[in-house]
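In the working numbering, the protein residues as written are 1 to 122. Cβ atoms here follow ideal geometry from the backbone N, Cα and C, with glycine treated the same way. Small disclaimer: the values here were computed from a predicted structure and weren't measured.
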Amino acid sequence: MFKKKIRIKKIEQQIYKIISIILQQKIKNSKKIIFTVTNVLLNNNLMYAKIYITILNCVLKSQKKIEEKKLIKKLKNYSKYIRFLLSKFVNLKLIPNLIFIYDKSFKNNLYISNLINNNFKK
Numbered sequence: 001m002f003k004k005k006i007r008i009k010k011i012e013q014q015i016y017k018i019i020s021i022i023l024q025q026k027i028k029n030s031k032k033i034i035f036t037v038t039n040v041l042l043n044n045n046l047m048y049a050k051i052y053i054t055i056l057n058c059v060l061k062s063q064k065k066i067e068e069k070k071l072i073k074k075l076k077n078y079s080k081y082i083r084f085l086l087s088k089f090v091n092l093k094l095i096p097n098l099i100f101i102y103d104k105s106f107k108n109n110l111y112i113s114n115l116i117n118n119n120f121k122k
């Protein structure tokens, strides 16, 4: 069981690196939104990979909400193509289905950091 978890972690790291490269080089970004892969989680039977994405350069909150939804929708539309590209670099019998999820941890960390900075200024 322990070896299985190590294997899954190694595959997660490999998928993380490859998907990051694929998203930078192959996916067209018309609005020049800077986004990054923050995490990849595989289930135990390697059928599904949850890929966590965050947007880094949207300033306005209202714009960010819209861009989050558009980006996730666009990535879901490209998921078969991304999966195909992934299959060229990962040596697995079955390439996992890709599920893109917006990661709110960056936004939460920024909010907490602003709260701390505001309290120190007072």
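Asked                                                                                                                          : Found
Would a C-beta distance cut-off of 8 Å place isoleucine 22 and leucine 85 closer than the cut-off?                             : yes
According to DSSP, threonine 38 sits in a beta bridge with which residue or residues?                                          : Answer is none; threonine 38 lacks a bridge partner.
Indicate the three-state DSSP secondary structure (helix, strand or coil) for aspartate 117 in the structure shown.            : Going by the sequence as given, residue 117 is asparagine instead of aspartate. Helix.
Would you report the Cα separation of isoleucine 101 and asparagine 118, rounded to the nearest angstrom?                      : 30 Å
So, with DSSP's three-state summary, where would you put asparagine 97?                                                        : strand
What does a CB cutoff of less than 6 Å around lysine 28 pick up in its chain, not counting 5 residues either side in sequence? : none
For the beta strand (DSSP E) holding isoleucine 55, just list the boundary residues, first then last.                          : 48–55
Could you check where the alpha helix (DSSP H) with isoleucine 82 kicks off and where it finishes?                             : 79–89
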